[in-house]
Each structure stands twice: as structure tokens, then as C-alpha cells.
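Notes follow once the structure below has been shown.
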Amino acid sequence: PTTTLVEEIVAMMQLPEIYTVKMTALKTLRAIIHYDRHSKLKAIVELAGVGLYHGLIPKMTRAAVNSLLDDSYKEIDGGISNYIISLFTFLSYLATTETGRQALNQCGIMEHLLKVIQWQNSSDDDLFVSFVGFFVYLL
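Residue numbers (the working numbering): -6 to 132.
Here it is in C-alpha cells:
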């Protein structure tokens, strides 16, 4: 069987701790949704497991939120702050579609995202404002 471009991109997001690749994959999926929403959105939601608690995107989101809360994101090289911004931007973009909103509600990450509001790191005020802005948009 031939793999599709979307399948290959989702597979790249599963690479451990290569945040620049994950960030680029998220941006690429967002661009695909933007330019071909009707035919690719459902496939992206399904392949990335957006609607599943143990799906790839929900797991990535929970890990990103946890790294913010325990400040471990600072110890990781490879642009994790930019990766988290890309992930939250992707979630925000999904929330603009009915299919995306349904999947985000089904996977149970909204409660976990509420923890972002609790995170306040005085050395990263700009980052905090950005993340809370993405979260408010998702609501």
C-alpha cells in the first residue's frame, strides 16, 4: 500500500524529541488544511488521533502543557517554545472547523489546557501571554 503525504507527516511528528521537525510537520498540516480543507481535514484528524484521548495530538498537547508547568521546556534544546506555539496554533486552527472542534472536545484535552492559565513564569511573560491567548481562542 502507498502511504499518503499526510501519513508521512503524521509519522514525522512521532519522532522523539526532534522539535523542529514536529514544528514543521504541524505547520505543514495546518497549510494542507487551509488549502484543501474539505478533502484532507478528516484524514488529518483521524491519522493524528485528534479525537482520541490517547491520540498523537492530545498526547503531544498534554506533554507540552506538562513541560510548561514543570519548567522542563527550558532544559530542552531544539526550539521547544516554538514547537509549543506551533502546536497551540495548530489546535487553534482546528478549532475553526466543525470537525476539529468536535475532535478537540472528544479527546478531553480542554481540561488539561486549563492548566496553562495556572502557569505563570515571570521570566517568560511574553510566552505566557501567547499561550493563554491561544487557549482563550480555543474556548
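For every residue, glycine included, the Cβ atom is placed at its ideal position computed from N, Cα and C.
Note that this is a predicted model, so its numbers are computed, not measured.
For tyrosine 28, count neighbouring Cβ atoms within 10 angstroms of its own Cβ and tell me buried if that reaches 16, exposed if not.
What you label residue 28 is simply residue 35 of the sequence shown in a count that begins at 1. Exposed, because fewer than 16 other Cβ atoms sit within 10 Å of the Cβ of tyrosine 28.
Return the CA-CA distance between proline 51 and tyrosine 86, expressed in angstroms with no decimal places.
The count along the sequence shown starts at 1 and reaches residue 51 at position 58. The count along the sequence shown starts at 1 and reaches residue 86 at position 93. Near 15 Å, if we compare the C-alpha coordinates of tyrosine 86 and proline 51.
Measuring straight from C-alpha to C-alpha, what distance separates lysine 2 and alanine 18?
In the sequence shown, counting from the first residue as 1, residue 2 sits at position 9. In the sequence shown, counting from the first residue as 1, residue 18 sits at position 25. Contrary to the premise, residue 2 reads as isoleucine rather than lysine in this sequence. Approximately 6 Å, taken between the alpha carbons.
What I want to know is whether the C-beta of threonine 21 ends up closer than 7 Å to one or more non-hydrogen atoms of the ligand ZN.
This structure simply doesn't include the ligand ZN, nor any ligand for that matter.
Which runs of the alpha helix (DSSP H) spanning at least 4 residues fall entirely within the stretch 70 to 96, listed in chain order?
73 to 87
What's the C-alpha gap between leucine 107 and methionine 53?
Mapped onto the sequence shown, residue 107 falls at position 114. Mapped onto the sequence shown, residue 53 falls at position 60. Approximately 15 Å between the Cα atoms of the pair.
Report the three-state DSSP secondary structure of tyrosine 12 (helix, strand or coil).
If you number the sequence shown from 1, residue 12 lands on position 19. Tyrosine 12: helix per DSSP, three-state reduction.
Over the uninterrupted alpha helix (DSSP H) stretch that includes alanine 4, give me the two end residues.
The residue given as residue 4 occupies position 11 in the sequence shown. Here the alpha helix (DSSP H) through alanine 4 covers -2 to 6.
Rounded to whole angstroms, how far is the Cβ of leucine 61 from the Cβ of glutamate 0, which I believe are closer than 8 Å?
Within the sequence shown, numbered from 1, the residue matching residue 61 stands at position 68. Within the sequence shown, numbered from 1, the residue matching residue 0 stands at position 7. About 29 Å; that fails the 8 Å criterion.
How many Å lie between isoleucine 11 and arginine 55 at the Cα?
In the sequence shown, residue 11 corresponds to position 18, counting from 1. In the sequence shown, residue 55 corresponds to position 62, counting from 1. Roughly 17 Å separates the two Cα atoms.
Using 8 Å as the threshold, is the C-beta distance between tyrosine 76 and lysine 33 below it?
Residue numbering aside, residue 76 sits at position 83 when the sequence shown is read from its first letter. Residue numbering aside, residue 33 sits at position 40 when the sequence shown is read from its first letter. For tyrosine 76 and lysine 33, no; Cβs fall outside 8 Å.
Drop a sphere of 10 angstroms on the beta-carbon of isoleucine 24, count the other beta-carbons inside from all chains shown, and report buried for 16 or more, exposed for fewer.
Here the question's residue 24 lines up with position 31 in the sequence shown. What sits at residue 24 in the sequence shown is alanine, not isoleucine. By the neighbour-count rule (16 or more Cβ atoms within 10 Å), alanine 24 is not buried but exposed.
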